[in-house]
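Trainee: Pasting in a structure now, in structure tokens, and then I'll have a few things to ask.
Protein chains: 4
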Amino acid sequence: MHTIVDFTIVPIGVGVSLSKYIAACERVLAESGLTYELHANGTNLEGEWDDVFTAIRRCHEILHAMGIPRLHTDVKLGTRTDKTQHMADKIASVRQKLNDRD
Amino acid sequence: MHTIVDFTIVPIGVGVSLSKYIAACERVLAESGLTYELHANGTNLEGEWDDVFTAIRRCHEILHAMGIPRLHTDVKLGTRTDKTQHMADKIASVRQKLNDRD
Amino acid sequence: MHTIVDFTIVPIGVGVSLSKYIAACERVLAESGLTYELHANGTNLEGEWDDVFTAIRRCHEILHAMGIPRLHTDVKLGTRTDKTQHMADKIASVRQKLNDRD
Amino acid sequence: MHTIVDFTIVPIGVGVSLSKYIAACERVLAESGLTYELHANGTNLEGEWDDVFTAIRRCHEILHAMGIPRLHTDVKLGTRTDKTQHMADKIASVRQKLNDRD
Numbered sequence: 001m002h003t004i005v006d007f008t009i010v011p012i013g014v015g016v017s018l019s020k021y022i023a024a025c026e027r028v029l030a031e032s033g034l035t036y037e038l039h040a041n042g043t044n045l046e047g048e049w050d051d052v053f054t055a056i057r058r059c060h061e062i063l064h065a066m067g068i069p070r071l072h073t074d075v076k077l078g079t080r081t082d083k084t085q086h087m088a089d090k091i092a093s094v095r096q097k098l099n100d101r102d
Numbered sequence: 103m104h105t106i107v108d109f110t111i112v113p114i115g116v117g118v119s120l121s122k123y124i125a126a127c128e129r130v131l132a133e134s135g136l137t138y139e140l141h142a143n144g145t146n147l148e149g150e151w152d153d154v155f156t157a158i159r160r161c162h163e164i165l166h167a168m169g170i171p172r173l174h175t176d177v178k179l180g181t182r183t184d185k186t187q188h189m190a191d192k193i194a195s196v197r198q199k200l201n202d203r204d
Numbered sequence: 205m206h207t208i209v210d211f212t213i214v215p216i217g218v219g220v221s222l223s224k225y226i227a228a229c230e231r232v233l234a235e236s237g238l239t240y241e242l243h244a245n246g247t248n249l250e251g252e253w254d255d256v257f258t259a260i261r262r263c264h265e266i267l268h269a270m271g272i273p274r275l276h277t278d279v280k281l282g283t284r285t286d287k288t289q290h291m292a293d294k295i296a297s298v299r300q301k302l303n304d305r306d
Numbered sequence: 307m308h309t310i311v312d313f314t315i316v317p318i319g320v321g322v323s324l325s326k327y328i329a330a331c332e333r334v335l336a337e338s339g340l341t342y343e344l345h346a347n348g349t350n351l352e353g354e355w356d357d358v359f360t361a362i363r364r365c366h367e368i369l370h371a372m373g374i375p376r377l378h379t380d381v382k383l384g385t386r387t388d389k390t391q392h393m394a395d396k397i398a399s400v401r402q403k404l405n406d407r408d
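Below is the structure:
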């Protein structure tokens with residue numbers, strides 16, 4: 001089952017500067033071979049369900065190994081059976097609707 | 103890796119009455135053997151990472167098999183290495199703090 | 205516009221024991237007069253849109269005043285025009301579907 | 307209080323093609339004067355707390371007026387008192403950490 005996901009990992013108990021931990025997770029994603037894209041409040045990711053959640057679990061494992069005692073993560077995800085859709089399709093579809101009216 | 107999760111599945115494209123689909127997912131959870139509890143806006147669930155995400159994936163599979171073409175799901179999850187914690191502990195801890203001040 | 209909300213506030217930069225901060229937010233909700241209920245991963249809350257988001261903003265203000273430098277909050281919310289619905293209705297509706305099949 | 311937000315609106319009960327509704331909400335944001343950016347799974351938005359939640363409420367009002375009977379929305383938000391931060395800063399900070407190690 002293919003899924004398109006947005007997720008945000010929030011390290012707890014290691015101060016307020018979190019970008020180095022987000023960078024460590026981005027490296028996990030780079031090694032995963034999945035399609036992903038960082039944005040201002042999280043990371044978009046797509047692939048097979050098990051591959052996606054294995055990658056996110058791997059981020060948790062790496063971050064705990066860096067000394068973070070507690071992690072909070074938000075995931076928003078979608079699956080559909082009516083058509084095959086990728087991340088780029090979703091943005092293109094909204095942009096087309098915006099242009100249609102202009 | 104143990105995780106405590108809150109998740110909400112939103113069926114899309116099958117009208118506005120969604121409770122029968124939520125009930126179908128609750129039956130999946132009952133069969134999973136995991137600890138779970140329905141609340142007004144989702145379901146709390148805890149267990150090993152892979153068991154938890156297999157159960158949520160199974161909910162997606164069952165709901166798509168019921169004819170839902172598109173599903174949106176939110177997951178909030180926590181992992182920690184500093185101590186073992188269960189769902190009931192989290193509520194008890196807040197309640198104790200509320201009582202301490204009273 | 206009436207809304208039913210689930211929210212979770214995650215204090216960042218103040219260690220891993222967060223329940224006293226959650227308790228402080230619960231006191232804000234108690235004073236708000238809104239209907240709310242703590243669960244293992246957040247708090248359910250309902251009321252008029254502006255009242256709900258004023259209460260959540262007030263939680264942020266109180267927690268920052270307690271010395272928390274950074275807060276991450278998740279909110280899941282629903283609005284509907286087809287019928288009036290309250291938090292208790294949502295749970296009752298799922299429970300009825302579960303019983304119907306038994 | 308300044309906040310940086312990610313939100314996703316999920317229209318329920320109007321089929322599976324949702325991009326025209328997302329486009330309608332983007333127009334609301336364009337008129338709001340707030341800084342925002344569409345991504346594959348939602349929209350990033352920043353500004354004063356009340357302005358941000360007024361804009362999201364306005365999206366709900368517009369979408370209900372287009373005939374959507376039920377809406378589910380996810381919001382992830384951050385506030386901080388230790389420094390002023392904007393959306394672009396967050397991405398730049400992670401990218402710098404990625405480059406530092408390369």
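Chains as they are written, first to last, in my numbering: chain A, 1 to 102; chain B, 103 to 204; chain C, 205 to 306; chain D, 307 to 408. For each residue, glycine too, the CB sits at the ideal point set by N, CA and C. Please read all numbers here as calculations on a predicted model, not as lab measurements.
(1) With a cut-off of 8 Å on the beta carbons, I'd call Val316/D and Thr379/D a contact; round off their distance for me.
(2) Mind checking whether Thr105/B and Leu71/A have CB atoms under 7 Å apart?
(3) Would you list the residues sitting across from Arg70/A in a DSSP beta bridge?
(4) Using only the alpha-carbon positions, how far apart do Leu165/B and Val116/B sit?
(5) Are Phe7/A and Ile56/A closer than 7 Å when you measure CB to CB?
(6) DSSP three-state call for Leu427/D: helix, strand or coil?
(7) Can you find a CB in chain B that lies within less than 7 Å of the CB of His378/D?
(8) Please state whether the Cβ-Cβ distance between Met393/D and Asn347/D is less than 7 Å.
(9) How is the alpha helix (DSSP H) around Leu369/D delimited, first residue to last?
(10) Could you check whether the Cβ of Asp184/B sits closer than 7 Å to any Cβ belonging to chain C?
(11) Using a beta-carbon distance cut-off of less than 7 Å, what residues from the segment 310 to 331 of chain D approach chain A?
(12) Going by C-alpha distance, which of Asp100/A, Glu61/A and Tyr21/A is nearest Gln402/D?
(13) If we count the other Cβ atoms within 10 Å of its Cβ and call it buried at 16 or more, is Gly237/C buried or exposed?
(14) Quick one: list the residues of chain C neighbouring Glu367/D, beta-carbon separation under 8 Å, in chain order.
(15) Quick check: Ala23/A and Leu404/D, are their CB atoms within less than 7 Å of each other?
(16) DSSP three-state label for Cys405/D, please.
Mentor: This is what the structure gives:
(1) Numbered from its first residue, the fourth sequence carries residue 316/D at position 10. Numbered from its first residue, the fourth sequence carries residue 379/D at position 73. Their Cβ separation, rounded to whole angstroms, is 7 Å, which keeps Val316/D and Thr379/D in contact under 8 Å.
(2) The sequence position of residue 105/B within the second sequence is 3, counting from 1. The sequence position of residue 71/A within the first sequence is 71, counting from 1. Going by C-beta atoms, Thr105/B is not nearer than 7 Å to Leu71/A.
(3) Sequence index remark: in the first sequence, residue 70/A carries index 70 (1-based). In DSSP, Arg70/A forms a bridge with Ile12/A and Arg182/B.
(4) Along the second sequence, one-based indexing puts residue 165/B at 63. Along the second sequence, one-based indexing puts residue 116/B at 14. Cα to Cα, Leu165/B sits roughly 11 Å from Val116/B.
(5) On the first sequence, residue 7/A is found 7 positions in, with the first residue counted as 1. On the first sequence, residue 56/A is found 56 positions in, with the first residue counted as 1. Yes; because the gap between Cβ atoms is below 7 Å, this pair is in contact.
(6) Past the edges of chain D, shown from 307 to 408, lies residue 427/D, and the structure says nothing about it.
(7) On the fourth sequence, residue 378/D is found 72 positions in, with the first residue counted as 1. By this cut-off, His378/D is an interface position.
(8) As a first step, residue 393/D must be located in the fourth sequence, where it is residue number 87. As a first step, residue 347/D must be located in the fourth sequence, where it is residue number 41. Cβ atoms of Met393/D and Asn347/D: not closer than 7 Å.
(9) In the fourth sequence, residue 369/D corresponds to position 63, counting from 1. Note, Leu369/D: alpha helix (DSSP H), Trp355 to Ala371.
(10) By one-based count along the second sequence, residue 184/B stands at place 82. So yes, Asp184/B belongs to the interface.
(11) Ile310, Asp312, Thr314, Val322, Ser325, Lys326, Ile328 and Ala329
(12) Indexing the fourth sequence from 1 puts residue 402/D at position 96. Gln402/D has its Cα closest to that of Tyr21/A, out of Asp100/A, Glu61/A and Tyr21/A.
(13) Translated into positions along the third sequence, residue 237/C becomes position 33. Classification for Gly237/C: exposed.
(14) Taking the first residue of the fourth sequence as position 1, residue 367/D is located at position 61. In chain order: Met205.
(15) Here residue 23/A corresponds to residue number 23 of the first sequence, with the count starting at 1. Here residue 404/D corresponds to residue number 98 of the fourth sequence, with the count starting at 1. Taking 7 Å as the Cβ cut-off, Ala23/A and Leu404/D qualify as a contacting pair.
(16) As a working note, residue 405/D is residue 99 in the fourth sequence. Here residue 405/D is Asn; the residue named in the question, Cys, does not match the sequence. In the structure shown, Asn405/D sits in a helix (DSSP, three-state: H, G or I).
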